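In this note's numbering, the protein residues as written are 14 to 268. Glycine included, each C-beta is placed from N, C-alpha and C at the ideal position. Being a predicted model, the structure only gives us computed values, none of them experimental. Beneath this line is the structure, given in structure tokens, with notes to follow.
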Ligand SMILES: N[C@@H](CCC(=O)N[C@@H](CS)C(=O)NCC(=O)O)C(=O)O
């Protein structure tokens with residue numbers, strides 16, 4: 014899963030791990046955290062999504078949805094952040110990022126799926142409304158060019174809305190908040206007793222959700238009612254990977 018055949022064949026000759034990513038993208042952050050936790054060397058191809066550097070034929074030839082992140086591993090192209098972090102953890106046995114029991118694995122994949130499933134319906138509208146809508150709005154010409162490149166209907170609808178003068182409405186954002194609240198209530202219950210989401214071990218489940226906390230808290234999502242989640246996020250800042258995977262790629266987004 015996640016492996017695709019690119020039409021831009023330049024990447025086929027890449028050696029080692031190459032990541033197309035954006036500093037402020039929570040999906041990219043997942044992959045950077047996994048890379049640092051696994052201590053794997055990688056080459057950065059940074060695309061500033063606020064400057065729309067990902068919206069061109071060259072990048073759509075690598076990721077047909079025109080989204081970040083994309084990992085190229087020895088010429089094999091993998092998209093979708095959950096598939097990429099799973100691939101990285103399976104790739105090397107050092108510094109495992111998964112529980113060993115079958116029930117733990119099931120729970121971990123459940124959290125990863127929940128994060129990805131809620132991205133377009135809840136995370137993206139919430140963050141666009143509070144933080145990036147004003148930067149990401151496209152001109153008519155840019156939107157026309159986007160429609161020529163984008164074949165995914167859901168993304169076309171999303172970007173038509175995000176680029177319209179109205180953007181996302183307060184009602185849509187309230188709906189997004191309800192979905193996110195359900196997820197965070199579930200996490201809070203676990204984190205009251207445990208340090209990490211699954212079997213009290215740092216895993217891909219935490220890596221899927223920590224970037225959402227980091228981004229949402231800077232997009233006016235209040236975690237006042239979630240002290241255990243706040244402590245969990247604080248705990249993550251003590252890990253070595255935090256500086257390299259999050260802070261170094263965060264140019265003032267929270268200001
Ligand atoms: N399901 C995808 C979602 C990727 C995604 O939506 N990425 C966002 C950043 S977190 C992006 O590229 N946004 C730019 C756009 O929509 O044009 C994943 O998990 O990798």
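Beta-carbon spacing of residue i, residue j below 8 Å
i, j, result
"residue 45", "residue 94", "no"
"residue 111", "residue 217", "yes"
"residue 181", "residue 190", "no"
"residue 92", "residue 76", "yes"
"residue 168", "residue 28", "no"
"residue 84", "residue 30", "yes"
8 Å Cβ cutoff, residue i in contact with chain E
i, result
"residue 176", "Of the protein chains in this structure there is only one, and it is not chain E."
Minimum C-alpha distance to residue i - residue among the options
i, options, result
"residue 249", "143, 220, 120 and 78", "220"
"residue 194", "96, 236 and 232", "236"
"residue 242", "223, 103, 15 and 23", "223"
"residue 136", "98, 75, 74 and 232", "232"
"residue 87", "180, 55 and 260", "55"
"residue 214", "113, 240 and 158", "113"
"residue 131", "240, 192, 260 and 29", "192"
"residue 210", "116, 254 and 184", "116"
"residue 17", "72, 47, 33 and 89", "89"
Range covered by the beta strand (DSSP E) that runs through residue i
i, result
"residue 32", "30-34"
"residue 176", "Taken as a continuous stretch (DSSP letters only), residue 176 belongs to no beta strand (DSSP E), being part of the alpha helix (DSSP H) at 166-176."
Exposed unless 16 or more other CB atoms sit within 10 angstroms - verdict on residue i
i, result
"residue 228", "buried"
"residue 59", "exposed"
"residue 133", "exposed"
"residue 197", "buried"
"residue 51", "buried"
"residue 148", "exposed"
Where the alpha helix (DSSP H) through residue i begins and ends
i, result
"residue 102", "94-104"
Neighbourhood of residue i by C-beta, 8 Å cutoff - its chain only, sequence neighbours within 5 removed
i, result
"residue 125", "95, 98, 99, 217, 218 and 221"
Sequence-distant residues of the same chain with beta carbon closer than 7 Å to residue i, five excluded per side
i, result
"residue 143", "232 and 233"
Contacting residues, own chain, Cβ-Cβ under 6 Å from residue i (five flanking each side not counted)
i, result
"residue 39", "224, 225 and 228"
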